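Engineer: Quick one: structure below, then a few questions.
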Amino acid sequence: MAGSILYSPAPYHILSYGTFLGTTFFHSFINGIVAFRVLPRPQFSALQAKLFPIYFSLQTVLAVILALTYPGSGNSLSSVAGVVAPANRWSVLLPLVCMFLFGLSNLAVIGPATTKCMRERKAQESKDGKKSYDPPPHSQEMQALNKRFGKLHGISSLLNLGAFVSSVFYGFTISSRIY
1 MAGSILYSPA PYHILSYGTF LGTTFFHSFI NGIVAFRVLP RPQFSALQAK LFPIYFSLQT
61 VLAVILALTY PGSGNSLSSV AGVVAPANRW SVLLPLVCMF LFGLSNLAVI GPATTKCMRE
121 RKAQESKDGK KSYDPPPHSQ EMQALNKRFG KLHGISSLLN LGAFVSSVFY GFTISSRIY
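Below, the structure written as structure tokens:
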């Protein structure tokens, strides 16, 4: 009995789900906020630039692991076949795809663009002799960079919120299978 559970996808699925939800919740609502409040802006930016690739990689990989370890029950299919089964398209496939795409978008597109914009702002700060977050007035170049950074940060935050909401929705799906 104990050995057979090691070969079941169910515990790996639940552990992956818990890691995804816990990491997303903690980073979004606790870690990021506390770090922003207690660290000076340059150190906060440096910390986030190092954490985000790891964080978004985790979101992306864990969504794949969830699809690969989806446990069937009774007559339902397990693994990817169960994820894409017509009966599971809205309750399983959609949230897992959203979790994957939101994490991947932040990892491969939005995160690197935001980091690039941060580097450009740092270079502009040297030219202007003024920090990007100092009170106005700012040069036109810095205003444009601040606006672009704000958009990228907003998009990243919305994608991350989408991943969190998708994971909570999926949590209701898998919890409905507990008897």
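The C-terminal residue of the sequence shown carries number 179 in the UniProt record's numbering, and the numbering is unbroken.
Each residue gets a CB set at the ideal place from its N, CA and C atoms; glycine is no exception.
None of these values were measured; they are calculated from a predicted model.
Ignore the nearest five residues each way along the sequence and tell me which others in A123's own chain have a CB closer than 7 Å to its CB.
Structural biologist: If we look at A123 and ignore the five residues flanking it on each side, it has no Cβ neighbours.
Engineer: Rounded to a whole number of angstroms, what is the C-alpha to C-alpha distance between N106 and S126?
Structural biologist: N106 and S126: Cα-Cα distance of roughly 28 Å.
Engineer: Looking only at C-alpha atoms, which of P136, L161, Q48, L47 sits nearest to P95?
Structural biologist: The option with the nearest alpha carbon to P95 is L161.
Engineer: In the DSSP assignment, find the alpha helix (DSSP H) that holds D128 and state where it starts and stops.
Structural biologist: Taken as a continuous stretch (DSSP letters only), the alpha helix (DSSP H) holding D128 covers 111 to 128.
Engineer: I'd like the ranges of any beta strand (DSSP E) spanning at least 3 consecutive residues and lying wholly in the UniProt domain "TMEM205-like" (15 to 122).
Structural biologist: Segments of the beta strand (DSSP E) lying fully in the UniProt domain "TMEM205-like" (15 to 122): there are none.
Engineer: Just tell me which of T60, S157, G154 has its CA closest to the CA of S16.
Structural biologist: The shortest C-alpha separation from S16 is found at T60.
Engineer: For L145 and L93, what's the separation of their Cα atoms in angstroms?
Structural biologist: Cα to Cα, the separation comes out at about 38 Å.
Engineer: If you run the structure through DSSP and keep just helix, strand and coil, what is S139?
Structural biologist: S139: coil per DSSP, three-state reduction.
Engineer: On the premise that T24 lies in contact with S167, defined as a C-beta separation below 8 Å, what is that separation, rounded to the nearest angstrom?
Structural biologist: About 6 Å separates the two Cβ atoms, so the contact holds.
Engineer: Buried or exposed: which applies to Y55, given that a residue is buried once 16 or more other Cβ atoms fall within 10 Å of its Cβ?
Structural biologist: With 16 or more other Cβ atoms within 10 Å, it is buried.
Engineer: In whole angstroms, what separates the C-alpha of T115 from that of S91?
Structural biologist: So the alpha carbons of these two residues sit roughly 34 Å apart.
Engineer: Can you check whether the CB of V64 is closer than 8 Å to the CB of F20?
Structural biologist: No; because the gap between Cβ atoms is not below 8 Å, this pair is not in contact.
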